[in-house]
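Undergrad: Heads up: the sequence shown runs through residues 5 to 169, numbered per my numbering. Using N, Cα and C, we set each Cβ at its ideal position, and we do this for glycine too. Note that this is a predicted model, so its numbers are computed, not measured.
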Amino acid sequence: MPASQPAIDRDPDLRIRPARPDDAGAILQLETLFPGDRMSARSVRRFLTVPSAHVWVAEQAGVVVGNLIWLSRRGSRVARIYSLVVAPAARGFGLAERLIRAAETEAAALQLIVISLEVRVDNVAARRLYDKLDYAESAQLPGFYEDGGDGLKLTKALPSMVLAG
Ligand SMILES: CC(C)(COP(=O)(O)OP(=O)(O)OC[C@H]1O[C@@H](n2cnc3c(N)ncnc32)[C@H](O)[C@@H]1OP(=O)(O)O)[C@@H](O)C(=O)NCCC(=O)NCCS
């Protein structure tokens with residue numbers, strides 16, 4: 005970690021929490037950093053209200069510096085990570101890893117058994133991240149992105165959770 009940056013991962017002001025409706029502006033701002041496909045304000049607001057969308061944010065001293073959206077589908081036991089972005093100044097401190105672990109824990113608690121996502125073949129940072137967290141390639145997605153870029157589908161089995169009571 006660069007010595008000049010604060011230790012975000014040990015910062016007591018850092019929280020990984022479910023998003024609230026008033027996070028919409030901050031999430032939209034983060035999503036403009038996403039390489040390639042952009043999300044509209046309307047989509048963000050919708051994700052924050054529909055039960056099939058599960059939105060997590062990383063908040064640092066009251067500022068949203070990362071977000072993850074995962075989707076569930078009625079009748080399916082597969083969770084899909086739809087979007088993950090961390091603000092450039094907050095990268096490299098483990099926030100993406102913590103957001104993914106929050107999503108995995110929530111999905112497993114909802115009795116989902118697999119979590120999947122798509123990633124650009126040339127997105128080195130994201131591919132290393134998912135590799136570290138044991139996501140495996142399950143399909144190649146040629147021309148998957150709007151600009152014609154190739155993608156990969158990655159999946160991971162979720163641990164089954166035994167419900168108490
Ligand atoms: C990809 C992204 C979410 C990573 O966020 P982050 O908070 O910096 O990631 P973390 O600090 O949790 O990193 C966890 C692991 O990911 C990998 N990783 C993260 N950034 C990396 C980079 N720039 N280069 C190589 N590996 C990287 C490493 O394995 C790292 O573990 P390590 O620190 O023990 O080596 C962030 O760079 C981002 O928002 N990029 C733009 C949006 C995007 O590409 N989203 C993913 C779309 S599928």
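#1: Could you name the residues of the same chain whose beta carbon sits closer than 8 Å to that of Glu141, not counting the 5 residues immediately before and after it, in chain order?
#2: Who are the Cβ neighbours of Ala111 in its own chain at under 8 Å, not counting the five residues just before and after it?
#3: Tell me, to the nearest whole angstrom, how far the beta carbon of Leu34 is from that of Ala91; I am working on the premise that it is less than 8 Å.
#4: Find the nearest neighbour of Val123 within the set Ile117, Arg131, Leu116, judged by alpha-carbon distance.
#5: Is Val67 near ligand 1, judged by its Cβ being under 7 Å from some heavy atom?
#6: For the alpha helix (DSSP H) containing Thr159, list its first residue and its last residue.
#7: What three-state label does DSSP hand Ser8 in the structure shown?
#8: Give the DSSP-derived three-state secondary structure of Tyr86 in the structure shown.
#9: Taking only runs that begin and end inside the region 83–136, name each unbroken alpha helix (DSSP H) of 4 or more residues, in chain order.
#10: Output needed for Val89: all residues of its chain with C-beta closer than 7 Å, excluding positions within five of it in sequence on either side, in chain order.
#11: When the Cα atoms are used, what is the spatial distance from Pro22 to Trp60?
#12: When we look at the beta-carbon of Gln115 and count the other beta-carbons within 10 Å, is it buried (16 or more) or exposed?
#13: How would you call Val102, buried or exposed, if buried means at least 16 neighbouring beta carbons within 10 angstroms?
#14: Run the proximity test for Glu63: is its beta-carbon closer than 7 Å to any non-hydrogen atom belonging to ligand 1?
#15: Of the residues Arg49, Gly153, Lys160, which one's Cα is nearest the Cα of Glu108?
#16: Taking DSSP as the reference, what is the three-state secondary structure of Pro22?
TA: The structure says:
#1: By the criterion of a C-beta distance shorter than 8 Å, Glu141 is surrounded in its chain by Leu156, Lys157, Leu158, once the five residues flanking it on both sides are discounted.
#2: His58, Trp74, Ser76, Ala83, Ile119, Leu162, listed in sequence order.
#3: About 6 Å separates the beta carbon of Leu34 from that of Ala91, a gap short enough to meet the 8 Å contact definition.
#4: The shortest C-alpha to C-alpha distance from Val123 to any of Ile117, Arg131, Leu116 is the one to Arg131.
#5: The beta carbon of Val67 sits no closer than 7 Å to any heavy atom of ligand 1.
#6: It is not in any alpha helix (DSSP H) - Thr159 instead sits in the beta strand (DSSP E) that spans 155–161.
#7: Low confidence applies to Ser8: its pLDDT is 48, below 50, so where it sits in the model is not reliable, and the reading given next is rough at best. Note: Ser8 maps to coil in three-state DSSP.
#8: Reduced to three states, the DSSP call for Tyr86 is strand.
#9: Annotation: the region 83–136 contains the following complete segments of the alpha helix (DSSP H) (minimum length 4 residues), in chain order: 99–113, 128–136.
#10: Counting only residues of its own chain and dropping the five nearest sequence neighbours on each side, Val89 has a CB closer than 7 Å to the CB of Leu34, Glu35, Leu37, Phe38, Gly70, Asn71.
#11: C-alpha separation (whole angstroms): 4 Å.
#12: So Gln115 counts as exposed.
#13: What sits at residue 102 in the sequence shown is Arg, not Val. Under this definition Arg102 is a buried residue.
#14: Answer for Glu63: no, Cβ out of range of ligand 1.
#15: Put simply, of Arg49, Gly153, Lys160 the residue whose alpha carbon is nearest the alpha carbon of Glu108 is Lys160.
#16: Pro22 carries a strand assignment under DSSP once its states are collapsed to helix, strand and coil.
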